[in-house]
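Sequential numbering from 1 applies to the sequence shown in full-length UniProt numbering. Built from N, CA and C at the ideal position, the CB exists for glycine as well. Here the structure is a predicted model, which is why all the values come from computation and not from measurement. As structure tokens, the structure follows; a few thoughts come after it.
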Amino acid sequence: MENSSALLLGRSGSLLQFVTILLLMLCVVDVKSQLSVDFYASTCPKLAQIVRKEVVNAVKAEMRMAASLLRLHFHDCFVNGCDGSLLLDGTDGEKFARPNLNSARGFEVVDSIKRAVESQCSGVVSCADILALAARDSTLLSGGPSWKVPLGRRDGLVANQTGAGDLPGPFDNLTLIIAKFAAVGLDSLVDVVSLSGSHTIGQASCATFSNRLTNFSGTGAPDPTLESSMLSDLQSLCPANVNGNPTTALDRGSTDLFDTHYFQNLVNNKGLLSSDQILFTGSEAATAAARSLVQIYSVNPGRFFFDFANSMVRMGNIGPLTGSNGEIRRNCRVINS
1 MENSSALLLG RSGSLLQFVT ILLLMLCVVD VKSQLSVDFY ASTCPKLAQI
51 VRKEVVNAVK AEMRMAASLL RLHFHDCFVN GCDGSLLLDG TDGEKFARPN
101 LNSARGFEVV DSIKRAVESQ CSGVVSCADI LALAARDSTL LSGGPSWKVP
151 LGRRDGLVAN QTGAGDLPGP FDNLTLIIAK FAAVGLDSLV DVVSLSGSHT
201 IGQASCATFS NRLTNFSGTG APDPTLESSM LSDLQSLCPA NVNGNPTTAL
251 DRGSTDLFDT HYFQNLVNNK GLLSSDQILF TGSEAATAAA RSLVQIYSVN
301 PGRFFFDFAN SMVRMGNIGP LTGSNGEIRR NCRVINS
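Dropping the structure here:
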């Protein structure tokens, strides 16, 4: 009996040891699969400097590019998670979905960043991580906040053109916008309002706001919440027979500066897109809470910058591929052969 007990205890001990080792291995795998700000500390220690240099050059050449790079990260993360799938070429690509077609831009800049990174750290850094870093640097170079970017994303193998068609849009009401944010895990109104503040830089075409100029919601009249002098300016820019291509600044007061003027515009009925202005003058259930945040941000840059930075980190954590999932693309436009 003693021998049998000893044998049983020995086996139990071995089993316990095996389970302990397995759990430790799983913990290590789990830790490695998570994003971290020092993910490339040993494999590409100068990554941040490389990306920053390329973004600086791009923004110097065209200040609007800062907004374009920031938008790429946003539109990538909201479809399939932050996996660089927006960058893929092909007729079924996300870049050809309606919200991105003839609108999403900056792909050549991403190509330049990728080439610079590959020259120093070949096959190491994902295109998804490049987008995340470029978005942070674009914000900072425009006068906005900085934040530590968690890294370690891998690139997706497929695009989702259908999913890209459901991105938050300029004609969405507040309820729908909130639902689209919540669907990807951004379930706080702070995320909705603060990230909408990215419209403090960038431009929009007539096609995205013409609904406010003549026949708003089928009334046969302009949007009554649009300030009169701004309405007149926009009607001159976008006559009825315009092809939708002319653009104007999303924030007409400080076009290329990342600041709180966007929220001041909303308070004064000068938001360009209806999806922006409804944050302050809408009539839906969530409008009161959104209006309160708009008022706070309009007079408190520190609060806006803090919330925006935190929401950008949260957005960057949407469904990343990590560990052995996905790949590290050699060319951001195509999957590896």
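Contact belief for residue i with residue j at Cβ below 8 Å, rounded distance in angstroms
i	j	result
E327	R154	6 Å
R333	L87	6 Å
V117	I201	So it is not a contact: roughly 25 Å between Cβ atoms.
S313	V294	Per the sequence shown, residue 313 should be read as Val rather than Ser. Wrong, their Cβ atoms sit about 22 Å apart, outside the cutoff.
L174	T287	6 Å
Y297	G144	Their Cβ separation, rounded to whole angstroms, is 13 Å, which puts Y297 and G144 out of contact at 8 Å.
R291	F280	5 Å
M315	L195	7 Å
L140	V59	With 8 Å as the limit, L140 and V59 do not qualify as a contact, their Cβ atoms being about 10 Å apart.
C121	L47	7 Å
Residues bridged to residue i [DSSP beta-bridge criterion]
i	result
T248	A204
residue 345	Absent from the model: residue 345. The displayed extent of the chain is 1 to 337, so no value can be given.
V313	For V313, which the question treats as bridged, DSSP gives no partner whatsoever.
N331	V334
S36	L151
Length of the line joining the Cα atoms of residue i and residue j
i	j	result
L133	F171	29 Å
N245	P222	20 Å
I335	R329	6 Å
D92	H75	16 Å
A289	L189	8 Å
V299	A204	25 Å
F39	V193	30 Å
T248	N57	24 Å
S254	K270	13 Å
S36	S229	48 Å
G169	M63	24 Å
I278	Q235	20 Å
V124	C44	7 Å
residue 358	V158	The chain is shown only over 1 to 337; residue 358 falls outside these bounds and no answer can be derived.
T208	L176	17 Å
G218	L101	26 Å
S138	F216	34 Å
D307	I318	17 Å
S119	S232	51 Å
G90	C77	19 Å
S337	P301	47 Å
Q224	N265	Note that residue 224 corresponds to Pro in the displayed sequence, not to Gln. Roughly 15 Å between the two C-alpha positions.
8 Å CB neighbourhood of residue i in its chain, flanking five on each side removed
i	result
V242	C206, S210
L321	G81, D83, A128, R153, R154, D155, G156
H199	L250, D251, Y262, L272, L273, D276
V110	L69, L72, L87, C127, I130, L131, A134, C332
A104	S68, R71, L72, H75, L86, K95
R303	I296, Y297
E284	N173, L174, T175, I278
Same chain, Cβ closer than 7 Å to residue i, neighbours up to 5 away in sequence not counted
i	result
G106	M65, S68, L69, L72
W147	R136, A309, M312, V313
L226	R212, N269
D191	F181, S311, R314
T214	P222, A240
R115	none
Other residues of its chain near residue i: CB distance less than 6 Å, five sequence neighbours each side excluded
i	result
S112	E54
V79	E94, N160, G163, A164
V149	A132, L133, R136
L257	G143
Q34	none
G282	L174
Handout entry: the segment 157-165 touching the segment 89-107, judged by at least three CB pairs closer than 8 Å
Key = Contact between the segment 157-165 and the segment 89-107 is present, because at least three Cβ pairs lie under 8 Å.
Problem - Sufficient close CB pairs (3 or more, under 8 Å) joining the segment 257-264 to the segment 175-192 - result: No, because fewer than three Cβ pairs between the segment 257-264 and the segment 175-192 fall closer than 8 Å, the two stretches do not touch.
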